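Residue numbers (the numbering used here): 31 to 210. Note that CB positions come from ideal geometry on N, CA and C, so glycine has one too. Remember, it's a predicted structure, so these values are computed and weren't measured experimentally.
Below, the structure is given as structure tokens:
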């Protein structure tokens with residue numbers, strides 16, 4: 031039926047396509063439907079429900095619906111903290127998503143705090159030389175740049191670059207992102 035979890039999965043895929051095409055309102059609509067199905071199927075506190083909350087937050091952000099984005103990411107984080115191990119990558123991702131929204135809103139201290147929590151988890155679980163750790167450092171650098179602290183921005187960007195060069199090589203597109 032139309033309440034089966036596979037319907038939610040398909041709606042989520044459609045939302046991804048809509049978001050990639052810039053149709054954020056359609057993405058939000060499909061994710062809200064997917065979330066409702068997942069909540070009916072799995073209950074409020076399930077990793078799948080957390081994932082849909084996170085996707086919903088990501089869809090709200092480009093619509094400048096920052097309070098809704100923060101709320102969605104906070105729901106995702108709370109569920110993940112209840113249902114997953116403390117150092118799970120999904121928890122780190124939620125911290126990073128919250129940091130991203132706080133940066134856009136101009137609350138750089140909250141953004142730094144959240145990005146640093148993501149970095150701490152990812153360093154512990156993935157090791158110091160992992161592309162996701164490099165991404166976390168890049169995110170922290172971007173917040174320092176927005177704050178006008180160019181030295182700390184450079185320090186974080188350089189750490190990110192060193193990791194990406196070592197792990198991905200100089201010709202990888204992610205390395206080129208940091209060079210720019």
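Assigned with DSSP and collapsed to three states, residue 202 falls in coil, not helix or strand. One alpha carbon belongs to residue 190, the other to residue 31, and they sit about 47 Å apart. Sequence-distant partners of residue 140 (beyond 5 residues in either direction) whose C-beta falls short of 6 Å from its own C-beta, in its chain, are 132. In the three-state DSSP reduction, residue 94 falls in the coil class, being neither helix nor strand. In this structure, residue 80 and residue 42 do not form a Cβ contact; the two beta carbons are roughly 13 Å apart against a cut-off of 8 Å. At a Cβ-Cβ threshold of 8 Å, residue 87 and residue 102 count as neighbours. Looking only at 57, 46, 64, 154, the smallest Cα-Cα distance to residue 122 is reached by 154.
Residue 138 holds the alpha-carbon nearest to the alpha-carbon of residue 178 among 198, 192, 138. Ranked by how close their Cα comes to the Cα of residue 94, the residues 201, 69, 56, 135 have 135 in first place. Sequence-distant Cβ neighbours of residue 161 in its own chain, meaning closer than 8 Å and more than five residues away, are 193, 194, 197, 198, 204. 91 is the residue among 65, 91, 64 whose C-alpha sits nearest the C-alpha of residue 130. Residue environment analysis places residue 33 among the exposed positions, since fewer than 16 neighbouring C-beta atoms fall within 10 angstroms of its C-beta.
Following the DSSP letters along the chain, one finds residue 129 inside the alpha helix (DSSP H) bounded by residues 119-135.
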